[in-house]
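This report refers to the structure that appears directly beneath it.
Residue numbers (the numbering used here): 196 to 436.
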């Protein structure tokens, strides 16, 4: 059985054109934003549901149906399945991928990383955006299997991030792994996420930039490592006002 975990509905729509077989699970969270610390999985979902409701206005039932149920499907994958994690390099996608790896921690499955490997170094934070079906098929062809050490690293990264353990994130950021390219940059961004994105936005708006599309484009250019979407940038702008 082949399963593809996709980083959002936009990628899922593009993936449908590739002809690659298998079941789809869509990751619709933004775990990079807000509190992710909890003692139990049930508490975790309540924490996230409350955050999404208060900051983005999504009601609890919608969150449980569209988000939690997809992740619960990942927890129930059958033994022997092949799970392909389609995630980009930046922090937004990295955190979601770390969480997925942790969900699969005790699963008897094969796990593969499908990355936007065809991107140049200058384009690395653009991920799968605007890729053609041929591009996505090439990324899939270049996937790499995660060994036990990779999977252990992913779980450790999630634990450090969710607990806000910056010292551990710093240490893990120096771990060499072909399945986690750009890990040093991503972990540094994670360590600075409480202040650096706001600093960047203040720098941009101090130059009289007022149009949101202009602000967002410049933020993505300067701080692409965060991978923030317009919802995250708008929320930060609201914090500034």
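Here a beta-carbon is modelled for each residue, glycine too, at the ideal position from N, C-alpha and C. The structure presented is a predicted model; accordingly, all values stated were derived computationally and were not measured.
- In this structure, DSSP gives residue 227 a state outside helix and strand, which the three-state scheme calls coil.
- About 6 angstroms separates the beta carbon of residue 281 from that of residue 202, a gap short enough to meet the 8 angstroms contact definition.
- A direct Cα-Cα distance of roughly 36 angstroms separates residue 345 from residue 252.
- Under DSSP, residue 308 takes part in a beta bridge, and its partners are 280, 339.
- For residue 322, the CB contacts under 8 angstroms within the same chain, skipping 5 residues up- and downstream, are 202, 283, 284, 285, 288, 311, 314, 422 in chain order.
- In this structure the segment 380 to 388 does not touch the segment 240 to 249; the number of beta carbon pairs closer than 8 angstroms is below three.
- Collapsing the DSSP output to three states places residue 234 in coil.
- For the 7 angstroms CB-CB criterion, residue 348 and residue 370 form a contact.
- Excluding five sequence positions before and after residue 352, the CB atoms of its chain that fall closer than 7 angstroms to its own CB belong to 293, 367, given in chain order.
- In the three-state reduction of the DSSP assignment, residue 272 falls in the coil class, being assigned neither a helical nor a strand state.
- Inside the segment 239 to 265, DSSP marks whole alpha helix (DSSP H) runs of 4 or more residues at positions 255 to 258, from first to last along the chain.
- Nearest C-alpha to residue 262 among 278, 295, 221: 221.
- In the three-state scheme derived from DSSP, where H, G and I count as helix and E and B as strand, residue 197 is classed as strand.
- Restricting attention to 279, 390, 338, 268, the CA atom closest to the CA of residue 200 is found in 279.
- Residue 212 is positioned such that its CB atom lies closer than 7 angstroms to that of residue 328.
- Of all C-beta pairs linking the segment 254 to 272 to the segment 397 to 404, fewer than three are shorter than 8 angstroms, placing the two stretches out of contact.
- Straight through space, the alpha carbons of residue 324 and residue 424 are spaced by roughly 12 angstroms.
- Its chain contains 323 as the residues whose beta carbon lies nearer than 6 angstroms to that of residue 206, once the 5 sequence neighbours on both sides are disregarded; these appear in chain order.
- Excluding sequence positions up to five before and after residue 223, its CB lies within less than 6 angstroms of the CB of 261, 262, all in the same chain and listed in chain order.
- The three-state reading of DSSP puts residue 220 in strand, counting E and B together.
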